[in-house]
Amino acid sequence: MRQRDAPAHAPARARRREPRGAGVRVAVTGAGGLLGAAVLDDLQAHGHVALALPRAAADVTDHDALRAAIVPFRPDWVFHLAAFTRVDACESDPDRAFLVNGLGARNAALVAAAAGAAVLAVSTDYVFDGRASRPWREHDPAAPLGVYGRSKWAGEQAVREVHPRHVVVRTAWLFGRGGPNFVDTILARARAGQPLAVVGDQRGAPTWTRHLAQALRLLAERAQFGTYHCTSAGECTWHELAEYALARAGIAAPVERITTERLGRPAPRPAYSVLDGGWCAHVTGRAMPHWKDAVDAHLAEIGAAAPAPGKDPS
């Protein structure tokens, strides 16, 4: 790994090292979540040492407890994945949303600085209002519509404020193995014969957690600090995603296309959540795969892909 001096305004202990390459030590908050499982797998597969910190092991809202859990590990990076992501629940419990997503991110960055580590914090497309005609870029002004987006934006700002050696990664529409997600839910409901009605007026880029985990690792290995957008290539609606996943799983089930208004959820949703991932691809040297390829890979991993024509399904 090449040495690189920390900025002059970094905390004194933050000058210890600038990690790159193999053998990096990474503390991972939110390790028990959907993204956390993929991140741990990817880090360990590439020779890094990961400290898994699920919610039971480290409460990100408790600075002292988080510090006690992380500092003795002497990490090179803190990957802050812990978040309160239930959008509608955030709307009804804003105090918890800002405590976990705002203060939690601040605590993670402060503890990273105290440990001499850099911090990588995962954020969301919900920091934007969805009123765009082209993919959102990193420098576009934030204008969150609801509590979830505002709390995540507060977390972003806190990370930037307290730790100069930060990476903030905005992503969207995650699915993968290890937790509830839209793709698996649609398949389960279809198999159970339940009626399917899915919104067709929100656009985004469905992103496989394994692909995102690879990108996060590469960003840490490159150690180029700043804000990045990282989602699958391409875009679709939730309705189009549902139809594609069902078709690729070999499940014949009708999917009614409905509007966001008809769905009637408490929290507002951005209508256009497509993020421009060009800068992330430039820095990592790897463009994210198309969302259809991501869905195919996920279905293959969970054993839900339909057999190819002419092949024995056994």
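Going by full-length UniProt numbering, 9 is the number at position 9 of the sequence shown; the sequence numbering is gapless.
For glycine and all other residues, C-beta sits at the position ideal for the given N, C-alpha and C.
Please read all numbers here as calculations on a predicted model, not as lab measurements.
Item, Value
"Cutoff 7 Å; reference residue 290; Cβ partners in own chain excluding five residues on either side", "232, 233, 234"
"Beta strand (DSSP E) segments (min. 3 residues) lying fully within the region 59-136", "77-80, 118-124"
"Short Cβ contact (8 Å threshold) for residue 208 with residue 143", "no"
"Between the CA atoms of residue 194 and residue 329 - distance to the nearest angstrom", "Residue 329 lies beyond the stretch modelled for the chain, which goes from 1 to 314, so this question has no answer here."
"Beta-ladder partner(s) of residue 196, from DSSP", "255"
"Beta-carbon proximity check, residue 124 vs residue 172, cutoff 8 Å", "yes"
"With 16 other Cβ atoms within 10 Å as the buried cut-off, status of residue 72", "exposed"
"One or two residues paired with residue 226 in a DSSP bridge", "167"
"Distance between residue 63 and residue 263 (C-alpha atoms, nearest Å)", "38 Å"
"Spatial distance of residue 248 from residue 241 (CA atoms)", "11 Å"
"With 16 other Cβ atoms within 10 Å as the buried cut-off, status of residue 75", "buried"
"Exposure of residue 301, with buried meaning 16 or more beta-carbon neighbours within 10 Å", "exposed"
"Endpoints, the beta strand (DSSP E) within which residue 25 is located", "25-29"
"Cα-Cα separation between residue 32 and residue 224, rounded to whole angstroms", "27 Å"
"Residue 295 in three-state terms, based on DSSP", "helix"
"Buried versus exposed call for residue 266 [16 or more other C-beta atoms within 10 Å across all chains shown]", "exposed"
"Residues near residue 304 in its chain [Cβ-Cβ closer than 7 Å; skip 5 each side]", "187, 249"
"Same chain, Cβ closer than 7 Å to residue 96, five either side skipped, listed in chain order", "84"
"Exposed unless 16 or more other CB atoms sit within 10 angstroms - verdict on residue 134", "exposed"
"The beta strand (DSSP E) enclosing residue 51, as first and last residue numbers", "49-53"
"N- and C-terminal bounds of the alpha helix (DSSP H) containing residue 186", "182-191"
"Residues near residue 59 by beta carbon distance below 6 Å, same chain, minus five either side", "65"
"Proximity to residue 156 [Cα-Cα], best of 185, 177, 120, 175", "120"
"Contact check, residue 34 vs residue 174, beta carbons under 8 Å", "yes"
"Presumed contact (8 Å Cβ cut-off) between residue 118 and residue 166, rounded CB distance", "7 Å"
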